[in-house]
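Protein chains in written order, with my numbering: chain V, 12 to 660; chain R, 535 to 684.
In what follows, a single structure is set out as structure tokens and then discussed.
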């Protein structure tokens, strides 16, 4: 169907129709920039205003004409509408009697229309949809707002900035997805084309006239100019693989010397989805055990993004810039099946140091390719994940060592499989991922916890009958099937015995299925050993050998003293398959030692710890190269992790 | 003879040819430690070199105010008392954790073999060096205190 023209004088009719019973988001001038704002009158559009953008610079300019959509893109994107920079997930309360409650906070649906969305903007929404709707889970707040976005009138871009490269990323300037109406602005007005029944209904209500051949030709010529202007700058075809082949390139040092690690790029990026979840409360409420669990945008350029108690996997600006660029253009493809870059150029424009994204990325176009894992297919049936815990109660508490307890909880969730984890929470303290250390015959779940932070110390003070919040189970479990027909070697370091224990129980209890078991256990001192009685019972079984060692002991200890990797030497049966869990550095040396014993990377599995906030791939915090640890792990076969043990990831 | 053959079974001596092993076998005697028997004490004068045939030996160091601290446990096939090769005072004490059988290499004879046949001497010193390097690596890992409350 050929486009029809809405004369400039009738823009107010379009705005009125879109704003009828809805909130209309459209471009407005505010604080010297064109941003998304609520519009109810066509005079509020940026008529005659253009923009000039270069690396580190954004200025509005007089166009000298009457165009209302004669600019490229401003700093704000529609992301903030569907995924607000700050919002409350739930309210939590813990009473003096130890009982807890959690009340979901959900947005009330606000019907919205959008006028003026660019192709890049709509591509970015499609990318966000992959994160929040079609991944491991579906985010109900995002879904509500997405459904409330009733009508989208896109305006194809005829005024790209110098920073734009949407033709290269194949996300513009022509609109191919996500719009009910596609418009192109010419001097006389907007050429409009419906792309959905809702769009057609809208057009029927507007005073349109047929577009002339000249008008159609003018629109086409502007689009072709825009295509030329935004193409030929960056070849993204195989860039995702080339970035991971160039992790030691000197360019990372070069850019790190210029980068301020300020996070502006991630704030203006229309696809960046990382978030922080935390407890917020006035002090008086917190003291009473009440808090709000909130979520806010987080940037991979902050220390908080990856840091866990005592360990920051990406401490330098180089690590963080490399994480951002490799994720945006590479890891995204492996995690979500689409690049995270839509070529809008915002990150370049709004970089206070003037770092040009295209120039940096272009450095890697010719690097060797390093294949990435392929992304899971987008799901339309992902289960809803509200982030709201359910209430579980403590049935027993066992003190394992001076700073480690095992909580036995009664929980209505699914039965966790060996190696999976739960998210445990307490109002006013927060939430943390804790590996399941056992499931009893009557379905109670054991969780072994060391007090290292405020939450884990508070969990350590819980008593029988107290309640706590639980989400999960999450994560990929230990591959017990892979152990069948092989001698099973388990290597546990410190608290790492906890995530292995349920797998050990299963394997040990089924010798006809699994065969012999050799368990190496390392601990700091004899007093720090976990589950001592259980270890003794296992060692007494004919098909099980438990080999314990400690790093430090006095002469009263008659067991072994020495580190696990050396303890393994000469004691690993040939053809064995190994499951390893412990501190990352211990696993690194253990993995090397297993290799030296002939256990290849395809016969070793280990479980990783990263900063898991959401556990379902929404928050982006637990990344290791192309992997989201919560979703793809935490258990990995060793050969899936080429970056394991490398500094800065 | 059996001693030479048995030495060949030890990973530490597997790389030696039979002539070298025969030369070594001349310096060796078997020894058995009772449970808790002290083989040598920290600060003892230079002594012999041992390889554990079967059993466990605890290496300890005195730590003023804390008594003895175990620095390592050695088991089957491991080299014990490397200071003997350097004619040095014992840097740690050694005590059997159970009945333990050892090969005892007379230090003076062993050093004589090394002097007489530098090829064998090189091999023996390499073995000792590898062992010391491994222990250094392990000690560094211990120092990292990887299981400490983080």
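For every residue, glycine included, the Cβ atom is placed at its ideal position computed from N, Cα and C.
Given the structure is predicted, the values throughout are model-derived calculations rather than measurements.
{"Asked": "Residue 572 of chain R at chain V interface by Cβ criterion, 8 Å", "Found": "no"}
{"Asked": "Contacts that residue 681 of chain R makes with chain V (C-beta to C-beta distance below 8 Å)", "Found": "504, 505, 506, 533, 534, 535, 539, 562, 593, 594, 597"}
{"Asked": "Extent of the continuous beta strand (DSSP E) run through residue 586 of chain R", "Found": "583-588"}
{"Asked": "Three or more C-beta pairs below 8 Å linking the region 186-203 of chain V and the region 224-232 of chain V", "Found": "yes"}
{"Asked": "Rounded distance between the beta-carbons of residue 34 of chain V and residue 121 of chain V, thought under 8 Å", "Found": "6 Å"}
{"Asked": "Inter-residue Cα distance where the pair is residue 13 of chain V and residue 202 of chain V", "Found": "9 Å"}
{"Asked": "Boundaries (first-last residue) of the alpha helix (DSSP H) holding residue 207 of chain V", "Found": "Note, residue 207 of chain V: premise wrong, no alpha helix (DSSP H); not H, not E."}
{"Asked": "Distance CB(residue 605 of chain V)-CB(residue 579 of chain V) smaller than 8 Å", "Found": "yes"}
{"Asked": "Sub-8 Å separation of residue 681 of chain R and residue 594 of chain V beta-carbons", "Found": "yes"}
{"Asked": "Pairwise C-alpha distance: residue 208 of chain V and residue 181 of chain V", "Found": "26 Å"}
{"Asked": "Per-residue contacts from residue 577 of chain V into chain R (C-beta, under 7 Å)", "Found": "668, 672"}
{"Asked": "Closer than 8 Å to chain R by CB, residue 571 of chain V", "Found": "yes"}
{"Asked": "Contacts that residue 566 of chain V makes with chain R (C-beta to C-beta distance below 8 Å)", "Found": "592, 594, 601, 602, 603, 604, 629"}
{"Asked": "Residues near residue 565 of chain R by beta carbon distance below 6 Å, same chain, minus five either side", "Found": "636, 638"}
{"Asked": "Every unbroken beta strand (DSSP E) within the region 20-79 of chain V, with a cutoff of 3 residues, ordered by chain", "Found": "34-41, 44-49, 60-65, 68-73"}
{"Asked": "Under 8 Å between C-beta atoms of residue 285 of chain V and residue 632 of chain V", "Found": "yes"}
{"Asked": "C-beta contact flag for residue 575 of chain V and residue 533 of chain V at 8 Å", "Found": "yes"}
{"Asked": "Completely contained beta strand (DSSP E) runs for the region 524-601 of chain V, where each covers 3 or more residues", "Found": "528-534, 555-561, 588-592"}
{"Asked": "Nearest-angstrom Cβ-Cβ length linking residue 74 of chain V and residue 63 of chain V, presumed shorter than 8 Å", "Found": "Actually they are not in contact, since the Cβ atoms of residue 74 of chain V and residue 63 of chain V sit about 11 Å apart, beyond 8 Å."}
{"Asked": "Within chain R, the residues that residue 48 of chain V reaches when beta carbons sit closer than 8 Å", "Found": "Neighbours of residue 48 of chain V on chain R: none; closest Cβ ~47 Å, over 8 Å."}
{"Asked": "Neighbour list for residue 634 of chain R in chain V, Cβ cutoff strictly below 9 Å", "Found": "Within 9 Å Cβ-Cβ: nothing; residue 634 of chain R doesn't reach chain V, min ~13 Å."}
{"Asked": "Cβ contact (3+ pairs, closer than 8 Å) linking the region 380-394 of chain V and the region 463-472 of chain V", "Found": "no"}
{"Asked": "Spatially closest choice to residue 340 of chain V from V:452, V:254, V:20, by CA coordinates", "Found": "V:254"}
{"Asked": "Nearest neighbour of residue 482 of chain V, chosen from V:506, V:424, V:184 [CA to CA]", "Found": "V:424"}
{"Asked": "First through last residue of the alpha helix (DSSP H) which encompasses residue 333 of chain V", "Found": "328-337"}
{"Asked": "Short CB-CB distance (under 8 Å) between residue 581 of chain V and chain R", "Found": "yes"}
{"Asked": "Backbone secondary structure at residue 684 of chain R - three-state DSSP", "Found": "Only weak support exists for where residue 684 of chain R lies, its pLDDT of 40 falling under 50; the coordinates are left without a value."}
{"Asked": "Residue 449 of chain V - DSSP class collapsed to helix/strand/coil", "Found": "strand"}
{"Asked": "Cβ-based burial, residue 663 of chain R [other Cβ within 10 Å; buried from 16]", "Found": "exposed"}
{"Asked": "Same chain only: Cβ atoms within 7 Å of residue 455 of chain V, ignoring 5 sequence neighbours per side", "Found": "406, 419, 420, 421"}
{"Asked": "Secondary structure of residue 535 of chain R, DSSP reduced to three states", "Found": "Note on residue 535 of chain R: pLDDT 47, under 50, position unreliable in the model; the coordinate value appears next. Correct three-state label for residue 535 of chain R: coil."}
{"Asked": "Rounded separation between residue 377 of chain V and residue 183 of chain V - CA only", "Found": "25 Å"}
{"Asked": "Chain-ordered residues of the region 90-107 of chain V with a beta carbon less than 8 Å from chain R", "Found": "none"}
{"Asked": "Residue 538 of chain V and residue 462 of chain V closer than 8 Å at C-beta", "Found": "no"}
{"Asked": "Assumed close pair residue 528 of chain V, residue 555 of chain V - CB separation to whole angstroms, cut-off 8 Å", "Found": "5 Å"}
{"Asked": "Beta-carbon neighbours of residue 574 of chain V, restricted to chain R and to distances below 8 Å", "Found": "672, 675, 676"}
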